[in-house]
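The block underneath contains the structure these notes are about, expressed in structure tokens.
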Amino acid sequence: MVDTSALSNDIRLLGNLLGQIIREQHGDEAFELVEKVRAIAKARRNEHPEATAELQSLIQTLDVNAAKVLIKAFGNYFQLINIAEDRQRIRVLRERESQGILRESLEDAIRTLKEADLSADTISELLGQIQVRLVLTAHPSEAKRQEVLIKLRHIATLMAQRERRAPRIPVEERFFTAALLERIEELWQTAPTRAARPTVNDEVNVGLYFLTCVIMDTTVNLYEDLRSVLEVYYPEGNWHDLPIFLHFASWIGGDRDGNPYVTPELTLQTIQRLCDT
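Residue numbers (my numbering): 1064 to 1340.
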């Protein structure tokens, strides 16, 4: 059975820090409102017979400012929970990998090829023939601003660093708690959505963010992991210069699918920015 105690602790930590910020910036009444709604919603999930009516009645009595704080509180809370759940997924994968070769992993694939008696030369030739092209596109449901994405990434990085330092001495725990509090406060003070419809340049910025801050690091790790596994199963091969089989393309800033705001001039600007990146 999967141990979820670390997940519960992470959610509690992040939730408590968010609650501290709400209390400091909006007062005890706002904090107590959020906690009350959370408790009633939990009762509703547990099929408490009066919870739905109680929740509806409470929401209908709120003024605009209270409703804004409530929406913002739960929006940020769920984003923080996503970070905690990502950490848990990593823990589960690491635990499974420690018990043996992870199914559908790179090592599982290379081991299967080795057991099928494919030689190192054959593997090298196959890698040279593979062409994988991943295309970025601006997703219409992605409403997060780049500033929000960056702040969430900072929080996720701190949570990863905190876990790697376990067991932590008190001074380290205070350091991470203070750093997380600062980042969560920045997240709270950042408008979650744009005041106006995103422009094509906004979409290009988000695409470049994922390309430079997420995809490139992941790609480097992928090639390094593949090289490491090949050296284990095919030590006779030369894997220092793996062929480039993973490529990236983008429709963002070049889409001609009926978007009147994508002009030839904007496409040229996008191409230049991609080249500069």
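Heads up, the beta-carbon is just placed ideally off N, CA and C, and yes, glycines get one too.
| Check | Outcome |
| --- | --- |
| Option nearest His1089 by Cα separation, candidates Leu1133, Ala1254, Thr1185 and Arg1227 | Leu1133 |
| CB of Phe1308 within 9 Å of CB of Leu1199, strictly | no |
| Endpoints, beta strand (DSSP E) assigned at Ala1312 | Leu1309 to Ser1313 |
| Distance between Pro1327 and Arg1150 (C-alpha atoms, nearest Å) | 43 Å |
| Gly1191, buried or exposed, once every other Cβ within 10 Å from all chains shown has been counted against 16 | exposed |
| Cβ neighbours of Leu1197 in the same chain (closer than 6 Å, five flanking residues each side left out) | Phe1311 |
| Three-state class that DSSP yields for Val1295 in the structure shown | helix |
| At least 3 beta-carbon pairs within less than 8 Å: the stretch 1174 to 1183 vs the stretch 1283 to 1291 | no |
| Residue closest to Thr1340, alpha-carbon to alpha-carbon, out of Val1325, Tyr1272, Thr1330 and Glu1299 | Tyr1272 |
| Close beta carbons around Arg1086, own chain, < 7 Å, minus the five adjacent residues each side | Phe1094 |
| Burial state of Ile1247, where buried means 16 or more other Cβ atoms lie within 10 Å | buried |
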